[in-house]
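> Per my numbering, numbering of the sequence shown is gapless, rising by one per residue and ending at 506.
Ideal placement from N, C-alpha and C gives every residue a C-beta, glycine not left out.
Quantities reported herein were computed from a predicted structural model and do not represent experimental measurements.
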Amino acid sequence: MKTTISLSIPAEVETESLVAVVLDHAEPTQNGQPQKDKKPLLKVATPDAAVQSVAADLLASGELTGKPFETNLLHKPAGLKAKRLLLISGGPAKKFSSYELRRIAGTAVRTMKSRGIRTFAFVAPSGIPAEEATRAIVEGAHVGNFDPDYYRSDRKDQKIDELTVVTSGDQAALEKTAAEAQIIGESQNFTRDLVNEPSNRMTPTILADRGKKMCAEVGLKCEVYGADKIKELKMGAFWSVAQGSDEPPALIVMTYEPAGAPAKPVLGLVGKGITFDTGGISIKPADGMEKMKYDMAGGATMIGAMRGIALLKPNVKVIGIVCATENMPSGHAQKPGDVQIAMSGKSIEIINTDAEGRLVLADGLYYARQLGCTHLVDAATLTGAVVVALGYANAGVFANDDEMYERFHAANVKEGEKMWRMPLDDEYKEQIRSSIADIMNTGGRWGGAITAAMFLKEFAEDTPWIHLDIAGTAWMEEQKPWIAKGPSGIALRSLVEFVKSFAQ
Ligand code: BES
Ligand code: MN
Ligand code: ZN
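(1) Please confirm if the segment 387-402 is in contact with the segment 65-85, defined as three or more CB-CB distances below 8 Å between the two stretches.
(2) Suppose you measure from the CA of E408 to the CA of N317; what does that come to, to the nearest Å?
(3) Can you tell me which of K4, I321, V24 puts its alpha carbon nearest to the alpha carbon of C217?
(4) If you compare alpha carbons, which of A455, V389, H411, T193 is closest to S503?
(5) Is T475 near the ligand BES - that is, is its Cβ less than 6 Å away from at least one heavy atom of it?
(6) Using the DSSP secondary-structure output, state which residues sit across from K4 in a beta bridge.
(7) At the level of alpha carbons, what is the spacing between T136 and A47?
(8) Using 8 Å as the cut-off, can you tell me whether the segment 125-135 makes contact with the segment 440-454, which would need three or more C-beta pairs spanning the two stretches below that distance?
(9) Which residues in the same chain as V168 place their Cβ atom closer than 6 Å to its Cβ, once the five residues preceding and following it in sequence are excluded?
(10) Rounded to whole angstroms, what is the Cα-Cα separation between M345 and I90?
(11) Per the DSSP calculation, D26 is bridged to which residue(s)?
(12) Heavy atom of the ligand BES less than 6 Å from the Cβ of D380, yes or no?
(13) Using the Cα positions of S155 and I492, report the straight-line distance between them to the nearest angstrom.
(14) Just to be sure I understand the criterion: a residue counts if its Cβ is closer than 5 Å to at least one heavy atom of the ligand ZN. Which residues meet that?
(15) Tell me whether V390 is buried or exposed, calling it buried when 16 or more other Cβ atoms sit within 10 Å of its Cβ.
(16) Leaving out five residues before and five after E18 in sequence, what residues of the same chain have Cβ atoms less than 7 Å from its Cβ?
(17) Hey, could you find the ends of the beta strand (DSSP E) L470 is sitting in?
(18) If you run the structure through DSSP and keep just helix, strand and coil, what is H144?
(19) On the three-pair Cβ rule with 8 Å, is the segment 176-187 touching the segment 274-291?
(20) So, under 8 Å CB-CB, A307 and A476 are touching, yes? Tell me the CB distance rounded to an integer number of Å.
(21) Let me check one thing: in DSSP terms, what residues is F122 bridge-paired to?
(22) Need the endpoints of the beta strand (DSSP E) that F500 sits in, please.
(23) Flag D471 as yes when its Cβ comes closer than 6 Å to any non-hydrogen atom of the ligand MN, and as no otherwise.
(24) Considering just the uninterrupted stretch of the alpha helix (DSSP H) at K214, what are its terminal residues?
(25) If I follow the unbroken alpha helix (DSSP H) through G366, where does it start and stop?
(26) For a minimum of 3 consecutive residues, which ranges assigned as the beta strand (DSSP E) are wholly contained in the segment 377-454?
(27) Nearest by alpha-carbon distance to I434: which of W422, P425, T453 is it?
(28) Tell me the residue span of the beta strand (DSSP E) that contains I350.
(29) Could you check the C-alpha separation between A28 and L44 for me, to the nearest Å?
(30) Got a sec: does the ligand COA put a non-hydrogen atom nearer than 6 Å to the Cβ of A397?
(31) Report the rounded CA-to-CA distance for E65 versus P94, giving the unit in angstroms.
(32) Any heavy atom of the ligand BES closer than 6 Å to the beta-carbon of D356?
(33) Just to confirm my understanding: we take I468, look at its own chain, exclude 5 residues before and 5 after, and list those with CB closer than 6 Å. What are they?
(34) Report the residue from D230, D172, P150, W484 whose alpha carbon sits nearest the alpha carbon of F114.
(35) Tell me whether G386 counts as near the ligand BES, meaning its Cβ is closer than 6 Å to at least one heavy atom of that ligand.
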């Protein structure tokens, strides 16, 4: 999608359609009490008198609710050069922020796509600073522009070709913002492309090839190691999962080292790349197992993040590591009760072979530290328990360092990604104590997302570290006005923003 900036007044923009945001200015109800005859007080969020006047009768008609994502399309709007005017409600004006704006922009794209319109101009709403709004509109539009129906014969592949952001301010600065937002949006969709592929078309080898190809395109160093190197490095935890599959595993290492970057910090981004998770010998039930093709979403997120970083060029060294393998039952698969020795030397009693993500990440995190990483972030579809705890709206964040957490949280807010911090108290460690080895790979029924994180903490040790459990957020269970059903690309935007924060 090409993105351009227009500093014209909205009425003067010639386009297939202008898109403007409608906000509800009615006073919020007191103490959350429902107010019987509360009527919305709707206004278009632009000072442009011509746009306001075209919308006036509709907004005053009492026909609209003003609820988020309500859309109305007007043809041949009088006094505008645009052929159409699409009005999208953004909900209450008081709580409207760039978070909502991203979703409105995605909704605009999906509304246009479904009508076969390929170009439009989005009026940046008054009330949000121009650069912040431009970023949200361009990123949100990219999110909306992705559809996962690759293998449908009737795939229309209807995409928006060109988006114009109608705003005001410094043209050059706004163009730079739009270009950066486009890189982020395209990287997020690149990640979603990888996650969307089924496991027969996204083996560890294919994932590594896609990573290599991307790295070559953007000028990153990329090394891919196979079983021999994994064994040579004594990655006994990673290998214990890989040994059960006929598909060769891949350890993908991507390095971004800009000339003149300081020796420290070195950021390590470690991703879980299970291209299919059957559960292994502790096999999963058949119902819903097909979804386990997205168990490489954490790894794909790191590959996409490295793409964004390479193109945005922050002045900080970053190493991306993806531990890619299938988790399969077979005659050479590991079994419950087996004891494995991780790269760090810690011994692990395998209680459940379905707790495989933490095994591959244990060695990935330790290896990142060996490579000199001073700060670590991992992303993984790690536990069903995080979905029990937080549902689909928030990813789980765990941190062994408050400053790292605050920095990451700031990136979440800036990039409109919802995540919620979970605890890592020492008490939880008791649940993964083993009588035969240093630790067990599962911690029983309660607090499953936390005990999984406690397991990883044993391998991050005292290196500042953040763990993102994206099991509930990496896949949209249903479509929303602003996003298709399927891979979401969650965490990529925050990760890139987080990395950039170290370069300032
Ligand atoms: N990949 C799964 C977690 C998962 C569940 C991701 C649902 C996405 C949606 C992970 O490898 C797993 O199987 N975890 C087990 C751990 C248990 C055996 C301790 C789980 O969550 O049930
Ligand atoms: Mn599993
Ligand atoms: Zn898994």
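If we stick to the structure as given:
(1) no
(2) One-based indexing of the sequence shown puts residue 408 at position 406. One-based indexing of the sequence shown puts residue 317 at position 315. Each residue's alpha carbon lies about 21 Å from the other.
(3) For the purposes of this step, residue 217 is taken as the residue at position 215 of the sequence shown. It is I321 whose Cα lies nearest to the Cα of C217.
(4) To locate residue 503, count along the sequence shown from 1; it is residue 501. Taking only the C-alpha atoms, the option nearest S503 is H411.
(5) Locating residue 475 in the sequence shown gives position 473, counting from the first residue. Incorrect: T475 has no Cβ contact closer than 6 Å to the ligand BES.
(6) Looking up residue 4 in the sequence shown gives position 2. According to DSSP, which records beta bridges pairwise, K4 is partnered with E164.
(7) Numbered from 1 along the sequence shown, position 134 holds the residue referred to as residue 136. Numbered from 1 along the sequence shown, position 45 holds the residue referred to as residue 47. Taking the straight line from one Cα to the other gives about 15 Å.
(8) no
(9) Looking up residue 168 in the sequence shown gives position 166. Cβ neighbours of V168 beyond the five flanking positions: S8, P12, V15, A123, V125.
(10) Residue numbering aside, residue 345 sits at position 343 when the sequence shown is read from its first letter. Residue numbering aside, residue 90 sits at position 88 when the sequence shown is read from its first letter. Going by the C-alpha atoms only, they are around 53 Å apart.
(11) As a working note, residue 26 is residue 24 in the sequence shown. Per DSSP, L44, P94.
(12) Here residue 380 is taken as the residue at index 378 of the sequence shown, counted from 1. Because no heavy atom of the ligand BES lies under 6 Å away, the Cβ of D380 does not count as near it: no.
(13) Counting from 1 along the sequence shown, the entry for residue 155 is found at position 153. Counting from 1 along the sequence shown, the entry for residue 492 is found at position 490. In a straight line, the C-alpha of S155 is about 28 Å away from that of I492.
(14) I276, D279, D297, G359
(15) Looking up residue 390 in the sequence shown gives position 388. Answer is exposed; the Cβ neighbour count stays below 16.
(16) The residue you call residue 18 lines up with position 16 of the sequence shown. Counting only Cβ-Cβ distances below 7 Å, and skipping sequence neighbours, we find K85, R86, I119, T121, F122.
(17) By 1-based counting over the sequence shown, the position of residue 470 is 468. Unbroken beta strand (DSSP E) run through L470: 467-471.
(18) As a first step, residue 144 is located in the sequence shown; it is residue number 142 there, counting from the start. Helix.
(19) no
(20) Counting from one through the sequence shown, the residue named residue 307 turns up at place 305. Counting from one through the sequence shown, the residue named residue 476 turns up at place 474. With 8 Å as the limit, A307 and A476 do not qualify as a contact, their Cβ atoms being about 14 Å apart.
(21) As a working note, residue 122 is residue 120 in the sequence shown. Partner(s): L165.
(22) Translated into the one-based positions of the sequence shown, residue 500 becomes position 498. Not the beta strand (DSSP E): F500 falls in the alpha helix (DSSP H), residues 494-504.
(23) Position 469 of the sequence shown, counted from the start, is the residue given in the question as residue 471. No, the ligand MN has no heavy atom inside 6 Å of this Cβ.
(24) The sequence position of residue 214 within the sequence shown is 212, counting from 1. Note, K214: alpha helix (DSSP H), 206-220.
(25) Along the sequence shown, read from residue 1 onward, the residue named residue 366 stands at position 364. Its alpha helix (DSSP H) spans residues 359-372.
(26) 377-382, 397-401, 421-423
(27) The residue given as residue 434 occupies position 432 in the sequence shown. Ranking the options by Cα distance to I434, first place goes to T453.
(28) Counting from 1 along the sequence shown, the entry for residue 350 is found at position 348. Looking at the DSSP string, the run of the beta strand (DSSP E) that includes I350 is 349-351.
(29) Here the question's residue 28 lines up with position 26 in the sequence shown. Here the question's residue 44 lines up with position 42 in the sequence shown. C-alpha separation (whole angstroms): 8 Å.
(30) No copy of the ligand COA occurs in the structure displayed; its ligands are the ligand BES, the ligand MN and the ligand ZN alone.
(31) Residue numbering aside, residue 65 sits at position 63 when the sequence shown is read from its first letter. Residue numbering aside, residue 94 sits at position 92 when the sequence shown is read from its first letter. In a straight line, the C-alpha of E65 is about 17 Å away from that of P94.
(32) To locate residue 356, count along the sequence shown from 1; it is residue 354. D356 Cβ: within cutoff of the ligand BES.
(33) Locating residue 468 in the sequence shown gives position 466, where the first residue counts as 1. Contacts found: V379, A401, M406, F410.
(34) Within the sequence shown, the letter at position 112 stands for residue 114. At residue 114 the sequence reads Met, which differs from the Phe that was named. Out of D230, D172, P150, W484, W484 has the C-alpha closest to the C-alpha of M114.
(35) Taking the sequence shown and counting its residues from 1, the one referred to as residue 386 is at position 384. Within the cutoff, so yes.
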